[in-house]
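Novice: Numbering (UniProt numbering), first residue to last: 1 to 252.
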């Protein structure tokens, strides 16, 4: 986060997408009848700050710009719609040019609402209402804006109304072969291990029994008798020893 004078502040946030940040620039611009030098200084400073934001990043520009962009979007079709109320003033012309140069979309001119949900400021006479607060986003992320409107019911102790933008940002995460995959594989192994061990034990026993076959054409019964007579094992000792391996046999 960094302050750029008393009227501009910028904050950057990391996103889940590797290499892409979200930059938020909050501003308070001079009023329309302010002196030209102050306006030039403000817009030059703002332009230099916008240029520090990489084009691949999500950049949101918002604040009180004292700028009326109006309904007519001739020449600015790429960065604004025709839903802005009123007519464009001098500040609106300056800011529309700034947005066109930096490819920033003016969110408040896109969505059709009643005038009371578009205007952001009410004068002390309670009659004059204008749209002078704006939320802008770089054109690359235009489709992330789902709605922009004012909320008149919010008590913010100001003659300005709360301006809210609804955004749905979808950034594909940079997936790598990491812990999650390893842990899932380990859990799967643990779940299957008892069954696999049981199956392996049964299979080894079966193969071992098959290997104990008659030699030199002798009948199985004869071999079995010879085995019973020559194998040495204690009472209760299992038929197969050494983890299911073929036992050592002594032939007479």
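Using N, Cα and C, we set each Cβ at its ideal position, and we do this for glycine too. This structure is a prediction, so every number in the text was calculated from the model and none was measured.
According to the neighbour-count rule (16 or more other Cβ atoms, all chains shown, within 10 Å of its Cβ), is residue 92 buried or exposed?
Specialist: With 16 or more other Cβ atoms within 10 Å, it is buried.
Novice: Relative to the C-alpha of residue 119, which residue among 101, 94, 156 and 68 is closest?
Specialist: Considering only alpha carbons, the answer is 68.
Novice: If we ignore side chains and look at the alpha-carbon of each, how far apart do residue 157 and residue 106 end up?
Specialist: Looking at the two C-alpha atoms, the distance is approximately 26 Å.
Novice: Starting from residue 83, follow its DSSP beta bridges and name the residues at the other end.
Specialist: DSSP output for residue 83 lists no bridge partner at all.
Novice: Take residue 265 and list the residues in its own chain whose beta-carbon comes closer than 7 Å to its own, dropping the five residues that flank it on each side.
Specialist: Residue 265 is absent from the structure shown; the chain starts at 1 and stops at 252.
Novice: In the structure shown, what three-state DSSP assignment does residue 131 receive?
Specialist: Looking at residue 131 - three-state DSSP - the assignment turns out to be coil, as it is neither helix nor strand.
Novice: Could you have a look at residue 63 and say whether DSSP puts it in helix, strand or coil?
Specialist: In this structure, residue 63 counts as strand in the three-state DSSP scheme.
Novice: Where does residue 93 sit, in a helix, a strand or coil, going by DSSP?
Specialist: Correct three-state label for residue 93: helix.
Novice: Can you tell me which of the three DSSP states residue 227 falls into?
Specialist: Reliability fails at residue 227, whose pLDDT of 45 lies under 50, so the model's placement of it is uncertain and the value that follows must be treated cautiously. Reduced to three states, the DSSP call for residue 227 is helix.
Novice: For residue 160, list the residues DSSP reports as bridge partners.
Specialist: Beta-bridge pairing links residue 160 to 121.
Novice: Using a 10 Å radius around the Cβ and a threshold of 16 neighbouring Cβ atoms, would you call residue 38 buried or exposed?
Specialist: With fewer than 16 other Cβ atoms within 10 Å, it is exposed.
Novice: Buried or exposed: residue 96, going by 16 or more other Cβ atoms within 10 Å of its Cβ?
Specialist: By the neighbour-count rule (16 or more Cβ atoms within 10 Å), residue 96 is buried.
Novice: Use the C-beta contact count for residue 44: other C-beta atoms within 10 angstroms, 16 or more gives buried, fewer gives exposed.
Specialist: When all chains shown are included, residue 44 counts as exposed.
Novice: Use the C-beta contact count for residue 169: other C-beta atoms within 10 angstroms, 16 or more gives buried, fewer gives exposed.
Specialist: Per the 10 Å Cβ criterion, exposed.
Novice: Just to confirm, are residue 49 and residue 26 a CB contact at a threshold of 8 Å?
Specialist: Contact flag unset, no.
Novice: If you compare alpha carbons, which of 28, 151 and 132 is closest to residue 7?
Specialist: Here the closest residue by C-alpha is 28.
Novice: Could you work out which residue in 77, 167 and 108 is closest to residue 64 when comparing CA atoms only?
Specialist: The option with the nearest alpha carbon to residue 64 is 108.
Novice: Locate the beta strand (DSSP E) running through residue 88, then write down its first and last residues.
Specialist: Segment: none, residue 88 is in no beta strand (DSSP E) and carries neither H nor E.
Novice: Given residue 113, which residues of its chain have a CB within under 8 Å of its CB, disregarding the five upstream and five downstream residues?
Specialist: Hits under 8 Å: 83 and 149.
Novice: Could you tell me which residues DSSP puts in a beta bridge with residue 115?
Specialist: In DSSP, residue 115 forms no bridge with anything.
Novice: What separation, rounded to the nearest whole angstrom, lies between the Cα atoms of residue 192 and residue 57?
Specialist: Only weak support exists for where residue 192 lies, its pLDDT of 49 falling under 50; the value from the coordinates is given anyway. Their Cα atoms are separated by approximately 46 Å.
Novice: With residue 39 as the anchor, note down where its alpha helix (DSSP H) starts and where it stops.
Specialist: Residue 39 -> alpha helix (DSSP H) spans 36 to 51.
Novice: Please confirm whether residue 140 and residue 167 have their CB atoms less than 8 Å apart.
Specialist: Result no, Cβ atoms of residue 140 and residue 167 do not sit closer than 8 Å.
Novice: Using CA coordinates, which residue listed in 20, 160, 4 and 62 is at the minimum distance from residue 42?
Specialist: The candidate whose alpha carbon is nearest that of residue 42 is 4.
Novice: Residues in the same chain with beta-carbon distance under 7 Å from residue 102, minus the five sequence neighbours each way, listed in chain order, please.
Specialist: Cβ neighbours of residue 102 beyond the five flanking positions: 50.
Novice: May I ask you to report which of helix, strand or coil DSSP gives residue 184?
Specialist: Note on residue 184: pLDDT 49, under 50, position unreliable in the model; the coordinate value appears next. The answer is helix: DSSP assigns residue 184 an H, G or I state.
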